[in-house]
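Notes to accompany the following structure.
Residue numbers (this note's numbering): -8 to 365.
Pasting the structure below:
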């Protein structure tokens, strides 16, 4: 292969996503403190737009109170397994374990770099070599000049591939439940119309290369991916929800729940008792003993739909909406179990209580509509 073709291919180095990630080692002595830093705040001195986006993203919140509360009950090996995605740099694990030994691992101020969650270096830095996508203007790949800040960077099309995201968002088959990994997002995308049309994870979750990664917690993102259709038919009101634009199952993970809800109203607009109807869209799993079980899977694959019908009441009025509960599994299963088992008022218990409060407050409604009998 010619050097020109090699530059065009420019794959990631072997083992780029082999985790746990290797420590960065020593930065070149000629680098400044900022060039050598692993802190996202320092990266943001030259990339302020990326830092501003990242700070609003789920990646920045990946080292959350709910996670830390659980890690405080884990040994070092199990902790490393979780941190491989939630705070993937080896230096982040070192920082958290140092804080644990000092007895203050529950405090973000003591967690150091670990508190940054999935930050810049987790995707862009290996052994103090910087990697990124093709040049925005020329689409060029390959090394940039070594005279650039931090010794330049290596540009590669791998950063535009869904496989890049699959390092964290596709669990291995050996963790399958009923034949499907607990998180199966990359496989779902590969089988989708989005993949066949050339849309990648980045197309939706990083528009214009913005470091946003919006998902199920963001109402606008959900609204853009599904389509609600309402019809007032002679005998009933109908609400149909279509996975029209999500490039994977809706929702893709086991944590969220989406519920189509319909109620009959009386002449004054009050809900008629006993009239409420639901369709739950969720992959429901349970952990019993040492084994995961799938209870049901009613999620919508791309282009699939769910339809809810409510007979007309005498008033001829029906109201529909879509309820999104992004953290259903956490506040229904995970956090209550932990709060029962953890010592009262322990650091872990306080963190889980805070996480449970956030999860309980996370549901929201979309597409609320009232239909009238024709």
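The beta-carbon is built from N, C-alpha and C at its ideal position, and this holds for glycine as well.
**OP:** Return the chain-ordered ranges of every beta strand (DSSP E) run that is complete within the segment 304 to 331 and spans a minimum of 3 residues.
**Re:** 308 to 316
**OP:** Tell whether a beta-carbon distance below 8 Å holds between residue 284 and residue 276.
**Re:** yes
**OP:** Could you check what DSSP says for residue 52 in three-state terms: helix, strand or coil?
**Re:** helix
Original post:
How far does the beta strand (DSSP E) with residue 366 in it reach, from first residue to last?
Top reply: Any question about residue 366 goes unanswered here, given that the chain covers just -8 to 365.
**OP:** Spatial neighbours of residue 53 within its chain, please: CB distance less than 7 Å, with the 5 preceding and 5 following residues excluded, ordered by chain position.
**Re:** 77, 78, 108, 109
**OP:** Counting only the same chain and skipping the five closest in sequence on each side, list residues whose C-beta sits under 7 Å from that of residue 338.
**Re:** 63, 97
**OP:** Figure out for me which residue from 190, 172, 146, 185 has the closest Cα to the Cα of residue 245.
**Re:** 172
Original post:
Between the Cα of residue 301 and the Cα atoms of 91, 267, 117, 288, which residue gives the shortest distance?
Top reply: 267
**OP:** Reducing DSSP to helix, strand and coil, say where residue 269 ends up.
**Re:** strand
Original post:
By Cβ distance, which residues of its chain are closer than 7 Å to residue -1, with the 5 residues on each side in sequence left out?
Top reply: Residue confidence is low: residue -1 scores 45 on pLDDT, short of 50, so the model does not pin down where it sits. Its coordinate-derived value is still stated next. The residues are 132.
Original post:
Do three or more CB pairs link the segment 215 to 222 to the segment 316 to 333 at distances below 8 Å?
Top reply: no
Subject >> Backbone CA spacing between residue 280 and residue 48 [nearest angstrom] >> reply: 34 Å
Subject >> For residue 21, the residue or residues it bridges with in DSSP >> reply: Per DSSP, none; premise fails for residue 21.
Original post:
What does DSSP give as the partner residues of residue 6 in its beta bridges?
Top reply: Answer by DSSP bridge pairing: none, since residue 6 is not bridged.
**OP:** Would you tell me roughly how many angstroms separate the C-alpha atoms of residue 180 and residue 45, rounded to the nearest one?
**Re:** 24 Å
Subject >> Rounded distance between the beta-carbons of residue 11 and residue 84, thought under 8 Å >> reply: 7 Å
Original post:
Using CA coordinates, which residue listed in 182, 66, 188, 161 is at the minimum distance from residue 396?
Top reply: Limits of the chain in this structure are -8 at one end and 365 at the other, which puts residue 396 out of reach.
Original post:
Are the CB atoms of residue 86 and residue 113 nearer to each other than 8 Å?
Top reply: no
Subject >> Range of the contiguous beta strand (DSSP E) that encloses residue 366 >> reply: Any question about residue 366 goes unanswered here, given that the chain covers just -8 to 365.
Original post:
Exposed or buried, residue 241, counting other C-beta atoms within 10 Å across all chains shown (16 or more means buried)?
Top reply: buried
**OP:** Take residue 352 as the anchor and find which of 23, 359, 344 has the nearest alpha-carbon.
**Re:** 344
Subject >> Start-end ranges of the beta strand (DSSP E) lying completely within the segment 90 to 171, minimum 3 residues >> reply: 120 to 123, 144 to 146
Original post:
Where does the unbroken beta strand (DSSP E) through residue 275 begin, and where does it stop?
Top reply: 274 to 279
Original post:
Which word fits residue 65, buried or exposed, when buried means at least 16 other C-beta atoms lie within 10 angstroms of its C-beta?
Top reply: exposed
Original post:
Just to confirm, are residue 122 and residue 16 a CB contact at a threshold of 8 Å?
Top reply: no
Subject >> Own chain partners of residue 289 with C-beta closer than 7 Å, once the 5 adjacent residues on each side are dropped >> reply: 271, 272, 273
Original post:
Exposed or buried, what is residue 189 when buried is set at 16 or more other beta-carbons lying within 10 Å of its beta-carbon?
Top reply: exposed
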